[in-house]
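Colleague:
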Amino acid sequence: MSEPCLKVDDLRVTFDVGHGRKLQAVAGVSFDIKPGQTLGLVGESGSGKSTTGLAALRLIPPTSGSVRLAGTELTRLRRRELRGMRRRMQMVFQDPYSSLNPSMTIGQLLEEPLVVHTKLSKDERRTAVERMLDSVGLSAQFAARYPHEFSGGQRQRIAIARAMMVRPDLIVLDEPVSALDVSTQSQILNLLTRIQAESGTAFLFIAHDLAVVRLMSPTVAVMYLGEIVEQGPSERVYDEPAHPYSAALISAVPFPDPDRRRSDDRLILGGDLPSPLNPPSGCRFRTRCPFAMDICATEAPPPVPIEGGGIASCHLHAHGPKLGGRSLRPFLADHGAIGHS
Ligand code: SF4
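Taking our numbering, the leading residue of the sequence shown gets 21, the next gets one more, and so forth.
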């Protein structure tokens, strides 16, 4: 078993929002990603996914917890040491236009990381830029053009190319295809898959679109209000979710195969995501959970191992129906929450 490329333990990010109030955006998140692997991070908008990605790269400071990249503890690095590690971890954002300096040509944008992080000569840098443009399906002649001259899909190719210029160990991809149309989405996903196979770069793939995450990620973590409520192999989590929130999110995914989901397989969630300024006591999901019990208001559910791999944090596994780490599906069907299969 190879060592994790990224190992995150009990990561917490709290923002001071004034008047003595604290917003806990990330509330004790743990996961790891092996070299060359992808972890999908899913959840509703406001669940803390992007903050987790930014804190994992120390683009915002974690309040507590540990983040190790290839064995190096990032949270304790001084500014200068952190600068040295920047080459090994990159980020691609949803809107490449806002992350690409509009006054720089594509050639300059791709060359810049090489100037900062390598000792390559000007000629070597130019050759590397041309090779990378070719590798992401763009003509070397585009090097003289500016970001505004490209479509959204092309700009995302440029952002991926820029991230890959320094051959990082890890790229955090934050909603990298959600601003693109469906056919451009699949081109970018294919590009990412190919680049990962060729380079062995690990991805943290953040998205609210569960169908996209399933395509990209053999493992998935589901976030709710700053916490990971379930994680494990994507096949197990998607087919046999063990947490009511995962079950609800997955039941809303429009799978292409009509036999795969029936209309009565939809588990509808009530209410909105509560404010992270004032999260519910006990289980943070309890105000929207149709199966909440008394204990859910007083005790935070610990993670329990789930049959088929991974963990879920829900009292249903130890209290009430005592599911004991089994799939939630038969329980949901017995309660009329979804149809019997
Ligand atoms: Fe629902 Fe309780 Fe499980 Fe939370 S711990 S998901 S409230 S049953």
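All C-beta atoms in this analysis are idealised placements derived from N, C-alpha and C, irrespective of residue type, glycine included.
Does the Cβ of K139 have 16 or more other Cβ atoms within 10 Å, making it buried, or fewer, making it exposed?
Modeller: Answer is exposed; the Cβ neighbour count stays below 16.
Colleague: Thinking just about the alpha-carbon of each residue, which of I191, L61, R32 and P264 is nearest to the one in R349?
Modeller: Comparing Cα-Cα distances from R349 to each of I191, L61, R32 and P264, the minimum goes to P264.
Colleague: Identify whether S283 lies in helix, strand or coil by the three-state DSSP scheme.
Modeller: Unreliable placement is indicated for S283, whose pLDDT of 49 sits below 50; no coordinate value is reported for it.
Colleague: What's the call for P238, buried or exposed, on a 16-neighbour Cβ count within 10 Å?
Modeller: It is exposed - the Cβ of P238 has fewer than 16 other Cβ atoms within 10 Å.
Colleague: Candidates I315, I326, E93 and L287: which alpha carbon is nearest L352's?
Modeller: Among I315, I326, E93 and L287, the Cα nearest to that of L352 is on L287.
Colleague: Under the three-state reduction of DSSP, which class applies to V33: helix, strand or coil?
Modeller: Of the three classes helix, strand and coil, the one that applies to V33 here is strand, per DSSP.
Colleague: Tell me whether T95 sits in a helix, a strand or coil according to DSSP, three-state version.
Modeller: Residue state, collapsed to three classes: coil.
Colleague: With distances taken from each beta carbon to the nearest heavy atom of the ligand SF4, which residues come in below 5 Å, in chain order?
Modeller: This selection yields P264, C303, F305, R306, C309, F311, A312, C316, P321, C334, H335 and L336.
Colleague: In whole angstroms, what is the alpha-carbon distance linking E23 and E319?
Modeller: Answer to the nearest angstrom: the Cα atoms are 34 Å apart.
Colleague: For the segment 33 to 52 and the segment 245 to 253, state whether three or more C-beta atom pairs, one from each stretch, are separated by less than 8 Å.
Modeller: Contact holds: three or more Cβ-Cβ distances are below 8 Å.
Colleague: Classify S266 as buried or exposed, calling it buried when 16 or more other Cβ atoms lie within 10 Å of its own Cβ.
Modeller: Buried is the call here.
Colleague: Say the cut is 8 Å; is the CB of L158 nearer than that to a heavy atom of the ligand SAM?
Modeller: Of the ligands this structure carries, namely the ligand SF4, none is the ligand SAM.
Colleague: Using the three-state DSSP reduction, which class does K69 fall into: helix, strand or coil?
Modeller: Helix.
Colleague: For a test of the three-state rule: what should DSSP assign to S141, helix, strand or coil?
Modeller: Coil, per DSSP.
Colleague: In terms of alpha-carbon separation, which member of D292, L297 and I315 lies closest to C303?
Modeller: Looking at the Cα atoms, I315 is the closest of the given residues.
Colleague: Residues in the same chain with beta-carbon distance under 6 Å from Q176, minus the five sequence neighbours each way, listed in chain order, please.
Modeller: These residues qualify, in order along the chain: P116 and I208.
Colleague: Just checking, does the segment 148 to 158 make contact with the segment 37 to 45 on the three C-beta pairs under 8 Å criterion?
Modeller: The segment 148 to 158 is not in contact with the segment 37 to 45.
Colleague: Ignore the nearest five residues each way along the sequence and tell me which others in E327's own chain have a CB closer than 6 Å to its CB.
Modeller: Once the five neighbours on either side are set aside, the close Cβ partners of E327 are G345 and R346.
Colleague: Per DSSP, which one or two residues make a beta bridge with K342?
Modeller: Its beta-bridge partners do not exist; DSSP assigns none.
Colleague: Ignore the nearest five residues each way along the sequence and tell me which others in V233's own chain have a CB closer than 7 Å to its CB.
Modeller: The answer, listed in chain order, is G60, V62, F225, A227 and V240.
Colleague: A148 and E131 - do their beta-carbons sit closer together than 9 Å?
Modeller: Cβ distance < 9 Å, so E131 and A148 count as in contact.
Colleague: For the segment 127 to 203, list the beta strand (DSSP E) runs that are entirely contained and at least 3 residues long, ordered along the chain.
Modeller: Whole beta strand (DSSP E) segments, 3+ residues: 190 to 194.
Colleague: I need the boundaries of the alpha helix (DSSP H) containing A353, first residue and last residue.
Modeller: From DSSP, the alpha helix (DSSP H) with A353 extends over R349 to D354.
Colleague: Can you give me the C-alpha to C-alpha distance between L230 and K142, rounded to a whole angstrom?
Modeller: Cα-Cα distance, rounded: 43 Å.
Colleague: Please report how far the alpha carbon of E93 lies from the alpha carbon of E101, in whole angstroms.
Modeller: So the alpha carbons of these two residues sit roughly 11 Å apart.
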